[in-house]
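Peer 1:
Protein chains in written order, with my numbering: chain A, 1 to 368; chain B, 369 to 632.
This is the structure:
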């Protein structure tokens, strides 16, 4: 379709891939290097996963069972997330075609803090979970959405939305956990969104997204004149094609993420994590690690957390419920499709730090 | 231009991938193996995803022939799109991207579907009645209302969790449960575990509910074999904690249930 042969391919999903080179001449070699690195990483991961099989000498049938378990878990995460990613992509495609850029300009606040707060509650209007929110945010950035609003939306929407509120309520009832989850998710998202308002789009967004973002900001006003109004059916077709492009683009990160999460589950057994500790501090760290590794969809993680509510501190359960929807293995890989690597690191670290502080504070001041 | 960069090839490949994914999900749905991966309540989303994938795939059909009269409009829009609005939203698939996108389907086809079993147990927390556990009060009530013989392994865990001293309180109750066999290292020859995985969301969050079974021929049962165990509960000790142990009167091999997991 619309091919721009001068642009390098946006296919760097491997965390170990080298940073983009400056000269166009090195593109073939860079791609080759990227392939080799990805393969090497994959091989290393496989060796790591099945190391104990080789050492224990339990033989091929056992190895086969382990592989089957790995495939079942990664397909489980994948199959469970696909509908939500597709829904997010379709919303993104509809936004691309039907939402006018000037609307964002007109209705959303410009200042950083009010912007972040609006972003924090936008999930109530767009009820998306952590897979669906990523393509929507990317599209909104391409429509010129300010950074802080998008970041706050990205982090808060998986919790501050009617579906997740309902599932949290049905698991924990009206109480400290329910209120704490929503309030702290909102607060942390707003704080991180506000911090990101200090950065420029060039520092945060991928070049392709950033370019569209800049174009949208500057082209807002002459955009209205010459937009041809195609027939409605054709515009729907167009938005679905854009949705398909978005889906195929993001699904690569989802696939890599679900396989990584499944591998991590084999490497870091749940039982080992849970055996580590019960203290007011350690329990919070353990539950955060668990949330990161499990990569469970935010619409149902409340039911999962309930199982730990008896044995783990309330602060740590809250940290699981606040941190997990914001950041986990699969969503942080999906962030790589929108943000620069450094920004992704901040997007993982800041919520981790803030929800850790929250959990520890809760344990020490409000009770276990 | 390279084959992969040709617009027509790109569109055809994208449509085929989307259709292939829809077909893959449909086959898993049709033969019931979808329940090896996700909680039953998510089935509706998978159905919607199949419909959505097909619709999106159809949108890639060549527009040239069907919209001949509008060719000028399209051209205009095309140029416009490149000019100002969204020059970078049209994502190109590379060979590497293509390989990654088809990977789940390839893995799913090459490796026959199989629910989590004994091989996955070493990695997980095992829920035995000896541990306190918070569960939905409604689930405890529901479990309490069922008669003993109707309770599955999860119902029993719920019932145990509501009692301060389950080992004594449930002694003598009759049990009839289905699960797969697992031989834990901490058990002796005449014991085995009967287990079900419980899945809240998808298999990534699975953990196990377990009952320790006392059965003289326990060692003859293979890991992962599905059995129906009938017997009565007796106070016992496992790993230093007291808990109800199922003293089996009859152990019969059964086929794997249609839904191998239990849903909380």
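Note that CB positions come from ideal geometry on N, CA and C, so glycine has one too.
Answer yes or no: do residue 120 of chain A and residue 81 of chain A have a C-beta to C-beta separation smaller than 8 Å?
Peer 2: Between residue 120 of chain A and residue 81 of chain A, the C-beta spacing is not below 8 Å.
Peer 1: From the DSSP output, which residues share a beta bridge with residue 602 of chain B?
Peer 2: B:613
Peer 1: Going by the beta-carbon positions, is the gap between residue 382 of chain B and residue 273 of chain A smaller than 8 Å?
Peer 2: no
Peer 1: With a threshold of 16 other CB atoms inside 10 Å of the CB of residue 606 of chain B, please say whether the residue is buried or exposed.
Peer 2: Looking at its Cβ environment, which holds 16 or more other Cβ atoms inside 10 Å, residue 606 of chain B is buried.
Peer 1: Run through chain B and tell me which residues come within less than 7 Å of residue 66 of chain A, C-beta to C-beta.
Peer 2: Scanning chain B for C-beta atoms nearer than 7 Å to the C-beta of residue 66 of chain A yields 487, reported in chain order.
Peer 1: Using the rule of at least 16 other Cβ atoms within 10 Å of the residue's Cβ for burial, across every protein chain shown, is residue 411 of chain B buried or exposed?
Peer 2: exposed
Peer 1: Tell me which residues share the same chain as residue 316 of chain A and place their Cβ nearer than 6 Å to its Cβ, disregarding the 5 neighbours each side in the sequence.
Peer 2: 283, 284, 287, 359
Peer 1: Which partner residues of residue 594 of chain B appear in the DSSP bridge assignment?
Peer 2: For residue 594 of chain B, which the question treats as bridged, DSSP gives the partners B:548.
Peer 1: Can you check which of these residues, A:308, A:87, A:188, is closest to residue 116 of chain A by C-alpha distance?
Peer 2: A:188
Peer 1: Which residues share a DSSP beta bridge with residue 559 of chain B?
Peer 2: DSSP lists B:582 as partners of residue 559 of chain B.
Peer 1: Distance cutoff 8 Å, beta carbons only. Does residue 578 of chain B sit that close to anything in chain A?
Peer 2: no
Peer 1: With 8 Å set as the bound, which would you pick, yes or no: does the beta-carbon of residue 367 of chain A sit closer than that to a beta-carbon of chain B?
Peer 2: no
Peer 1: Based on the DSSP output, what are the partners of residue 363 of chain A in its beta bridges?
Peer 2: Its beta-bridge partners do not exist; DSSP assigns none.
Peer 1: Under three-state DSSP, which class holds residue 407 of chain B?
Peer 2: coil
Peer 1: Against chain A, with Cβ distances strictly below 8 Å, would residue 616 of chain B count as a contact?
Peer 2: Judged by the 8 Å Cβ criterion, residue 616 of chain B is not in contact with chain A.
Peer 1: I want to see whether chain B comes within less than 8 Å of residue 252 of chain A, judged by CB atoms only; does it?
Peer 2: yes
Peer 1: Pull the bridge partners of residue 566 of chain B from the DSSP assignment, please.
Peer 2: B:575, B:630
Peer 1: Measure the alpha-carbon distance for residue 596 of chain B versus residue 393 of chain B and round it to whole angstroms.
Peer 2: 31 Å
Peer 1: Decide if residue 472 of chain B is buried, meaning its Cβ has at least 16 other Cβ atoms within 10 Å, or exposed.
Peer 2: Residue 472 of chain B should be labelled buried.
Peer 1: Could you give the residue range of the alpha helix (DSSP H) that holds residue 130 of chain A?
Peer 2: Counting along the chain, residue 130 of chain A sits inside no alpha helix (DSSP H), nor does DSSP assign it H or E at all.
Peer 1: Helix, strand or coil for residue 373 of chain B? Go by DSSP, reduced to three states.
Peer 2: helix
Peer 1: 8 Å is my cut-off, CB to CB: does residue 382 of chain B come that close to chain A?
Peer 2: Yes, residue 382 of chain B lies at the interface with chain A (some Cβ there is under 8 Å from its Cβ).
Peer 1: Please state the DSSP three-state secondary structure of residue 205 of chain A.
Peer 2: strand
Peer 1: If contact means a Cβ-Cβ distance below 8 Å, which residues of the stretch 182 to 195 of chain A contact chain B?
Peer 2: So nothing in the stretch comes that close.
Peer 1: Nearest-angstrom Cα distance between residue 195 of chain A and residue 148 of chain A?
Peer 2: Straight-line measurement puts the Cα of residue 148 of chain A at about 8 Å from the Cα of residue 195 of chain A.
Peer 1: Between residue 548 of chain B and residue 593 of chain B, how many whole angstroms is the CB-CB distance? I'm expecting something under 8 Å.
Peer 2: About 7 Å; that satisfies the 8 Å criterion.
Peer 1: Does DSSP classify residue 477 of chain B as helix, strand or coil?
Peer 2: In the structure shown, residue 477 of chain B sits in a helix (DSSP, three-state: H, G or I).
Peer 1: Beta-carbon of residue 351 of chain A versus every beta-carbon of chain B: anything under 8 Å?
Peer 2: no
Peer 1: Below 7 Å on C-beta distance, what does residue 303 of chain A contact in chain B?
Peer 2: Near residue 303 of chain A (Cβ distances below 7 Å), the residues of chain B are 568, 632.
Peer 1: Is the Cβ of residue 610 of chain B closer than 8 Å to any Cβ of chain A?
Peer 2: no
Peer 1: Give, in chain order, every residue of the stretch 526 to 546 of chain B whose Cβ lies closer than 7 Å to some Cβ of chain A.
Peer 2: none
Peer 1: Name the chain B residues that come within less than 8 Å of residue 202 of chain A, Cβ to Cβ?
Peer 2: In chain order: nothing, as chain B lies at least about 14 Å away.
Peer 1: Verify whether the separation of the beta carbon atoms of residue 162 of chain A and residue 130 of chain A is less than 8 Å.
Peer 2: no
Peer 1: Name the chain A residues that come within less than 7 Å of residue 427 of chain B, Cβ to Cβ?
Peer 2: Simply 237, 240, 241, 244.
Peer 1: Taking a contact to mean a Cβ-Cβ separation below 8 Å, would you say residue 97 of chain A touches residue 238 of chain A in this structure?
Peer 2: yes
Peer 1: Assuming contact is defined by CB atoms lying nearer than 8 Å, are residue 329 of chain A and residue 293 of chain A in contact in what I supplied?
Peer 2: yes
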